Every structure is written in C-alpha cells, then in structure tokens.
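**Q**
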Amino acid sequence: MVCRFSAGGALILSLVAARTFATLTNITVDDTNSTVWTFVGGWSAVTATTPCSTCFAQPDPQQVFNSSWHDGSVVSGSVTFQGSAIYIHGIDMTATSGTNISFSMNNPPTASFHYFGGTGSKYHVPFFSATNLDPSIGHTVSFIGQTSLTGAGAMLFDYAVITVDQPDTTSSSASSTTPSSTSTSPSPTSTPPSPPHKSKTGAIVGGVVGAVGLLAIAGAVVLFLRRRRRRAALAQPKIDIDGENYYDSPSRGISTGYTIDPYQPVPTNEPPEPSLVGGAVSSSRDSATSAPPVPTGSSPPAPASRSESKSTPAPVVLGWDPEAARARELDLEERLRQLEALSRPPAYNSDE
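Sequence positions in the sequence shown follow mature numbering (1 follows the signal peptide of the UniProt record, and there is no 0) and run -18 to -1, 1 to 334.
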C-alpha cells in the first residue's frame, strides 16, 4: 500500500498542529478594572491610597490582592467577560454581620449564592465559579447583596480569574493580554489561589499530530524511492551470452540490445582449388606408376600433365593446434621426399 499526500493534506496537518498549540491561560482581573467590573449603588472602593475609615470591615491590605477591594451592602454589580471559565473571589469577615450574595449568569443561564456567617477573617474566598463556557461569545455575571437574619451584611469583592484561550507563543502577562488585567503584583502572602495556570493538553496533542504527519510523509518518500529504483531495474535490457541471460551493468560495458551467436561457416557448392604442391605430388604419383622407364642418356621426362579433375585440397590447420601443426610438418616432409624421388641425378659418364 502506497501512501499519497497532496499539498492540501500537508496544509491541513500544519493548520491542525498550529491550532492545537493554543493554550488555556488564566488572567487575574482586579476589582479596580472598570472595563470588566461594574458596581451599582453605594459601594466603597478601598485602595492603599483611598482607605475607608467609616467601613465596619477592615481587612489586612497585605493579604488582599493588589491591596484593593469593594465594600458594599444591599447593592449590586456585574462582571462582563469572554472566556471559557470565571472564578470570582472575595473576603469573608465576622465584622460584616454575615455575607449573603446571590449570583446569576447568562449564556448559559446559571444561578447560585454565597453565604458566610462564621467567625474570623478569610481571604481569597471563591464566591462564584462557572466552567466549560463558550469562549467565542460574551458572558455576564450579575450579583446583588441580600439581607439575612442578622441584618444586611457587607460584601467584599476582591478580584476575578478568567480563563481565556490564547496562542502559546504570546505572553501570558496580564497587562498585555487584555485591558482588564492589572500590572501590580501582590505581596507573597496575598497571592490568590487559582486553577492551574496553563493547560498543556493542546501542546501535547499538537506535538503528537505533528509527529504522526512527519512519519507519514517520511514513509511516503521511502516507498516512492523504492518503487522508482525497482522500475529502473526492470527497465534495463538483457544480454544473452552462450545461452545465459545477464543484466547489463556499468561493469559489463554498454548494452548492445542483441544476441551473440557462435560463428557458423557457410558451405559452398564449388570444391576448393587444389594446392600446387598437392597437385604435383598427385600427378607425379600417377605418372610414376604408368610411365615406362627412361633409357640412359636421354633427357628427363617431361612432367605429367595436370589431371582434369581437381584433387582434394590440403586441410586447413589452425596454427594454435600442436597436433595439427605436427601433422602438417610430416605431410610436407613426405612431399619433399616424393619430389626428390622424381628428380633423377645427372647421367654418368664413364670416359671421365
């Protein structure tokens, strides 16, 4: 099976990986931020520079986030934000004669309340929380102070924590993310407890998707190279040498594309011409057996005429065959002896 990838598929993988690298970030919004917080009625905005000497509740500013809070009784307010979760924190104190607050939220409709009737002072108390919200739309949390059996207690709102979805490459500082964040850091004793700062699930999923995409692309490249090499090997021509097939390669030279057959001599109808020596020997033999003896003192007889028929030619002997060369030498010696026998010595003169 061959994996095929197109430019569109690679683009989709890159977009998915880029999208999953976005992380969930919590930002802290102080009560002094009027973009997110809205206070209606007789609220007292207490800060380090504007204390409230007439308020019954006197929290420790060193344990309050940003050393600021809003003090109110039978009044109302709201928090407007856009994110996937919100956590509203405040202060519970005995001097407030109990705290009774009703909360309601739209998108989706949610209602809850917070009540405190104990003793002592508690900071960074979660008054209201909502999670799994739609981060693409706005949300509004409304609150109002209610009276209790002990009277109308004071409400002390400190800060809100909002979970937003932002890219991992951007800074998660409160001042650069949203205008509702604060830039002043609280003291070590007043750091509010909040949900986990960042969720690494998106980064993990993005890393896994990116790794799978890279492995798939690498596998496709390997399969493509293997198929290309196989096609090149099958396309090479074959050479048939002595009935055996060989693939052409650079070590065997350039492919010729034809078959090499052993040499076969072409037979001819005409008999070969006899050699002069062979003809002379054959004619001499015939004349020696048929001619009468020549008387002494006469001239040597003329050589016999050449036979009309053609004698068998001498065999062709290959020079590199030792046995054939020896046979040729013996044949030449025999012919020389026959020629010497045919040549008579000169006439003998007895007068000398």
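Here a beta-carbon is modelled for each residue, glycine too, at the ideal position from N, C-alpha and C. Since the model is a prediction, treat every value here as computed from it, not as a measurement.
1. Along the chain, which unbroken stretches of the alpha helix (DSSP H) at least 4 residues long are found entirely within the segment 85 to 139?
2. Determine, using beta carbons only, whether Phe85 and Phe125 come nearer to each other than 8 Å.
3. Verify whether the separation of the beta carbon atoms of Leu115 and Trp51 is less than 8 Å.
4. So the beta strand (DSSP E) Ala39 belongs to, where does it begin and stop?
5. Can you give the Cα-Cα distance for Leu318 and Leu324, rounded to whole angstroms?
6. At the level of alpha carbons, what is the spacing between Gly184 and Ala193?
7. How would you call Pro41, buried or exposed, if buried means at least 16 neighbouring beta carbons within 10 angstroms?
8. Just to confirm the assignment, what range does the alpha helix (DSSP H) spanning Asp12 have?
9. Using three-state DSSP, classify Asn48 as helix, strand or coil.
10. So, for Pro43: in the same chain, excluding its five sequence neighbours on each side, which residues have a beta-carbon less than 7 Å away from its beta-carbon?
11. Which residues in the same chain have their Cβ closer than 6 Å to the Cβ of Gln64, if we skip the five residues on either side of it in sequence?
12. Hey, out of Glu305, Thr14 and Gln148, whose CA is closest to Gly59's CA?
13. To the nearest angstrom, report how far apart Thr36 and Thr20 are at their CA atoms.
14. Please classify Thr183: does DSSP put it in a helix, a strand, or coil?
15. Inspect the beta-carbon positions of Asn8 and Val143 and report whether they are closer than 8 Å.
16. Name the residue from Met75, Thr62 and Ser26 whose alpha carbon lies nearest to the alpha carbon of residue 385.
17. Do the CB positions of Thr122 and Asn88 come within less than 8 Å of each other?
18. So Thr81 packs on Gly102, CB below 8 Å; how close in whole Å?
19. If you reduce the DSSP assignment to three classes, tell me which class Gln320 lands in.
20. Could you name the residues that DSSP lists as bridge partners for Asp147?
21. Going by CA-CA distance only, name the one from Ser118, Pro117 and Ala93 that's closest to Phe109.
22. The beta strand (DSSP E) with Ala16 in it runs from where to where?
**A** With the structure as the only source:
1. Runs of the alpha helix (DSSP H) inside the segment 85 to 139: none found.
2. The sequence position of residue 85 within the sequence shown is 103, counting from 1. The sequence position of residue 125 within the sequence shown is 143, counting from 1. Contact flag set, yes.
3. Along the sequence shown, one-based indexing puts residue 115 at 133. Along the sequence shown, one-based indexing puts residue 51 at 69. For Leu115 and Trp51, no; Cβs fall outside 8 Å.
4. Start at 1 with the first residue of the sequence shown, and residue 39 comes out as number 57. Per DSSP, Ala39 belongs to no beta strand (DSSP E) and is neither H nor E.
5. Indexing the sequence shown from 1 puts residue 318 at position 336. Indexing the sequence shown from 1 puts residue 324 at position 342. C-alpha separation (whole angstroms): 10 Å.
6. Indexing the sequence shown from 1 puts residue 184 at position 202. Indexing the sequence shown from 1 puts residue 193 at position 211. Whole-angstrom Cα-Cα distance: 14 Å.
7. Working through the sequence shown from its first residue, we reach residue 41 at position 59. Counting of Cβ neighbours within 10 angstroms places Pro41 among the buried residues, the total reaching 16 or more.
8. By 1-based counting over the sequence shown, the position of residue 12 is 30. For Asp12, no alpha helix (DSSP H) segment is defined; the enclosing uninterrupted segment is the beta strand (DSSP E) at Thr5 to Asp12.
9. The sequence position of residue 48 within the sequence shown is 66, counting from 1. Here Asn48 sits in helix by DSSP.
10. Numbered from its first residue, the sequence shown carries residue 43 at position 61. Cβ within range, chain order: Ala30 and Ser49.
11. Within the sequence shown, numbered from 1, the residue matching residue 64 stands at position 82. Gly120, listed in sequence order.
12. For the purposes of this step, residue 59 is identified with residue 77 of the sequence shown, where counting begins at 1. Ranking Glu305, Thr14 and Gln148 by Cα distance to Gly59 puts Thr14 first.
13. The count along the sequence shown starts at 1 and reaches residue 36 at position 54. The count along the sequence shown starts at 1 and reaches residue 20 at position 38. The alpha-carbon separation between Thr36 and Thr20 amounts to approximately 22 Å.
14. As a working mapping, residue 183 is identified with position 201 in the sequence shown. Correct three-state label for Thr183: helix.
15. As a first step, residue 8 is located in the sequence shown; it is residue number 26 there, counting from the start. As a first step, residue 143 is located in the sequence shown; it is residue number 161 there, counting from the start. Taking 8 Å as the Cβ cut-off, Asn8 and Val143 qualify as a contacting pair.
16. Summary: the structure shown does not reach residue 385, with the chain confined to residues -18 through 334, and so no result is reported for it.
17. Within the sequence shown, residue 122 is the residue found at index 140, counting from 1. Within the sequence shown, residue 88 is the residue found at index 106, counting from 1. Yes. Within cutoff.
18. Translated into positions along the sequence shown, residue 81 becomes position 99. Translated into positions along the sequence shown, residue 102 becomes position 120. In fact, because the Cβ distance is near 13 Å, the residues do not count as touching under 8 Å.
19. For the purposes of this step, residue 320 is identified with residue 338 of the sequence shown, where counting begins at 1. Residue state for Gln320 is assigned as helix, using DSSP reduced to three classes.
20. Looking up residue 147 in the sequence shown gives position 165. As a beta-bridge residue in DSSP terms, Asp147 pairs with Leu6.
21. Residue 109 sits at position 127 when you count from the first residue of the sequence shown. For the residues Ser118, Pro117 and Ala93, the minimum Cα distance to Phe109 belongs to Ala93.
22. Position 34 of the sequence shown holds residue 16. Note that residue 16 is Ser in the sequence shown, not Ala. That residue, Ser16, is in no beta strand (DSSP E); it is neither H nor E in DSSP.
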